[in-house]
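Chemist: Numbering (this note's numbering), first residue to last: 125 to 299. Each residue gets a CB set at the ideal place from its N, CA and C atoms; glycine is no exception. Fair warning: this is a prediction, and the values are worked out from it, not measured in the lab.
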Amino acid sequence: MYFAALLARTEDGWEASDTELDDVETLSDLADLAREASTEDDTVLVLIEQEDGWFGVVRVDGEDDPRIYVSDAAAAARSSYGEILLTDELLGREPGDDGADLDSLDLDGTEDGEDEDDGDDDGPSAEAVPHSPVGDVEILDDLGVSAKELRILDEDALSAIAEALGASEVLETVR
Numbered sequence: 125m126y127f128a129a130l131l132a133r134t135e136d137g138w139e140a141s142d143t144e145l146d147d148v149e150t151l152s153d154l155a156d157l158a159r160e161a162s163t164e165d166d167t168v169l170v171l172i173e174q175e176d177g178w179f180g181v182v183r184v185d186g187e188d189d190p191r192i193y194v195s196d197a198a199a200a201a202r203s204s205y206g207e208i209l210l211t212d213e214l215l216g217r218e219p220g221d222d223g224a225d226l227d228s229l230d231l232d233g234t235e236d237g238e239d240e241d242d243g244d245d246d247g248p249s250a251e252a253v254p255h256s257p258v259g260d261v262e263i264l265d266d267l268g269v270s271a272k273e274l275r276i277l278d279e280d281a282l283s284a285i286a287e288a289l290g291a292s293e294v295l296e297t298v299r
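See the structure below:
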């Protein structure tokens, strides 16, 4: 079960709206969705939470590149919504570096279904995704949530973030 909401900062405070991510395929799509929620070039936060798994915050300030924080990259990597946030840049990979290329593969005939046990159960992508937070830990510093506070959030993290922003009531209306 996941929950996603947009919090748009206005001159009157925060406005919340729930959002469906079914049509969002890329981080660019998500940033465009966030920008549509703002009447000005104000700050918009996309809050995503997968129950008992992970949470993510995407911050869009006008036309600036989105800033991202994900609480557990490995858990998010197992979610289609998390995969949107886990860009190559965020994971410290070169763009398109999703695994071994064909030139580096050992094609010795065992690829046709024969089992060659080399003790390596994890593929390249599993090694590249840490079981820890990734992204901009200072994403909410200027809004009242320090990097230290962000790192220690666990269950009901989105409610804690909304409370720190003074937006808990508006977030609860869309839950």
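Locate the beta strand (DSSP E) running through Leu295, then write down its first and last residues.
Modeler: No beta strand (DSSP E) holds Leu295; the alpha helix (DSSP H) holding it covers 292-298.
Chemist: Looking only at C-alpha atoms, which of Glu279, Gly206, Leu157, His255 sits nearest to Ala132?
Modeler: Relative to the Cα of Ala132, the nearest Cα in the group Glu279, Gly206, Leu157, His255 belongs to Leu157.
Chemist: For Glu139, which residues does DSSP report across the bridge?
Modeler: Ala132
Chemist: Does Pro190 pass the burial test, meaning 16 or more other C-beta atoms within 10 Å, or should it be called exposed?
Modeler: With 16 or more other Cβ atoms within 10 Å, it is buried.
Chemist: If you drop the 5 nearest sequence neighbours on each side, which residues of the same chain put their C-beta closer than 7 Å to that of Val148?
Modeler: Leu154, Leu157, Ile208
Chemist: With Ala271 and Asp265 assumed to form a contact (beta carbons below 8 Å), what rounded beta-carbon distance in angstroms separates them?
Modeler: So it is a contact: roughly 7 Å between Cβ atoms.
Chemist: Might you give, ordered along the chain, the residues of its own chain that have their beta carbon closer than 6 Å to the beta carbon of Asp142, omitting 5 neighbours on each side?
Modeler: Ala129, Val298
Chemist: Would you call Arg275 buried or exposed, if buried means 16 or more other Cβ atoms sit within 10 Å of its Cβ?
Modeler: Flag for Arg275 reads exposed.
Chemist: Would you mind reading off the limits of the beta strand (DSSP E) that contains Arg191?
Modeler: Residues 191-194.
Chemist: What is the residue span of the beta strand (DSSP E) that Asp185 lies within?
Modeler: 178-185
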